[in-house]
Amino acid sequence: MPISSAGLNYGWRCYEGNANNILTGCAPMNTMTFPISVYDHSGGKCSITGGYVYRGSNYPAFSGKYFLADYCSKQIGILNSDNSITWTTAFAGSNFATFGVDFNKELYVAAVNSGKIFKISTTTLATDNNSQNQISLSPNPASGKVFVKGLNSKNNTLEIINMEGRKIFEKAINTDGSIDISSVKAGVYFVNVKSDKLKVYSQKLIVK
Numbered sequence: 000m001p002i003s004s005a006g007l008n009y010g011w012r013c014y015e016g017n018a019n020n021i022l023t024g025c026a027p028m029n030t031m032t033f034p035i036s037v038y039d040h041s042g043g044k045c046s047i048t049g050g051y052v053y054r055g056s057n058y059p060a061f062s063g064k065y066f067l068a069d070y071c072s073k074q075i076g077i078l079n080s081d082n083s084i085t086w087t088t089a090f091a092g093s094n095f096a097t098f099g100v101d102f103n104k105e106l107y108v109a110a111v112n113s114g115k116i117f118k119i120s121t122t123t124l125a126t127d128n129n130s131q132n133q134i135s136l137s138p139n140p141a142s143g144k145v146f147v148k149g150l151n152s153k154n155n156t157l158e159i160i161n162m163e164g165r166k167i168f169e170k171a172i173n174t175d176g177s178i179d180i181s182s183v184k185a186g187v188y189f190v191n192v193k194s195d196k197l198k199v200y201s202q203k204l205i206v207k
């Protein structure tokens, strides 16, 4: 949000992300500002560690992207320009608790359990099977079928979460990248793509 927009109501504790939490005594929904991207607790995720937009010069591919981490899954996420999240594989033994930047605006992340500070680079963020920004979901809006591109693993699934945070759909992704979503009612949802049971991509999806 712009720095001039002070005092906004982001929904807590009535909502957690876009999901109902404790609705007693809450202001109307139209007075709240909801997030542009969310994820659920699947894949061992539990707690967002907020980070920074990359403004350094060493890694141009990261320019303007927001970095975050999940404390429990030990993954780092990149918020893309379409508000999807691309996740790395897990960094074993690294419960990331905070991010920081140096004098040159290069980005770092600290693991609270090991006490180590790591510099974010294209090398450290390479995944086992997928390079960053390679995965995509189309069409969007969609009806009937959607297609996931950029997955190299053969054990991939797609799950659909409604705006209340409930999983309403989960299906294996076909070898051609297609998934039949004809059973999903029209509406706005969040889609998670999992590769070998690890979440690697999140995207808002409109079903017509």
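Under numbering that gives the first Met the number 0, the residue at position 82 of the sequence shown is numbered 81, and the numbers go up by one with no gaps. Positions of the beta carbon are idealized from the N, C-alpha and C atoms, including for glycine.
Does the distance from the C-beta atom of G42 to that of L197 stay below 8 Å?
Taking 8 Å as the Cβ cut-off, G42 and L197 qualify as a contacting pair.
Going by CA-CA distance only, name the one from D81, Q74, N103 and V100 that's closest to G92.
Comparing Cα-Cα distances from G92 to each of D81, Q74, N103 and V100, the minimum goes to Q74.
Using CA coordinates, which residue listed in W11, T32 and G10 is at the minimum distance from P1?
Of the listed residues, the one whose Cα sits closest to P1 is T32.
With 16 other CB atoms within 10 Å as the buried threshold, where does K170 fall?
Its Cβ having fewer than 16 others within 10 Å, K170 is exposed.
Which parts of the stretch 46-133 are runs of the beta strand (DSSP E), unbroken and 3 residues or longer, counting only runs that do not cross its ends?
Qualifying beta strand (DSSP E) stretches, in chain order: 65-69, 74-78, 84-86, 95-100, 106-110 and 115-118.
According to DSSP, simplified to helix, strand and coil, what is T156?
Here T156 sits in strand by DSSP.
Quick one: any contact between the stretch 47-56 and the stretch 17-29, if contact means 3 or more CB pairs under 8 Å?
In short, these stretches do not touch, since the Cβ pair count stays below three.
How about M162 and V145: do their beta carbons lie closer than 8 Å?
Cβ atoms of M162 and V145: not closer than 8 Å.
Here's the rule I'm using: 16 or more other beta-carbon atoms within 10 Å means buried, otherwise exposed. How should Y9 be labelled?
Per the 10 Å Cβ criterion, exposed.
What does DSSP give as the partner residue(s) for S4 in the beta ladder?
DSSP output for S4 lists no bridge partner at all.
Along the chain, where does the beta strand (DSSP E) that runs through E169 open and close?
K166 to A171 is the span of the beta strand (DSSP E), which, as asked, contains E169.
What residues match up with I35 in a beta bridge as DSSP calls it?
I35 is not bridged to any residue.
Are the CB atoms of F117 and V219 within a distance shorter than 8 Å?
Because the chain is modelled from 0 through 207, residue 219 falls outside the range shown and cannot be assessed.
Measure the Cβ-Cβ separation of Y70 and A96 and say whether it is below 8 Å.
Contact flag set, yes.
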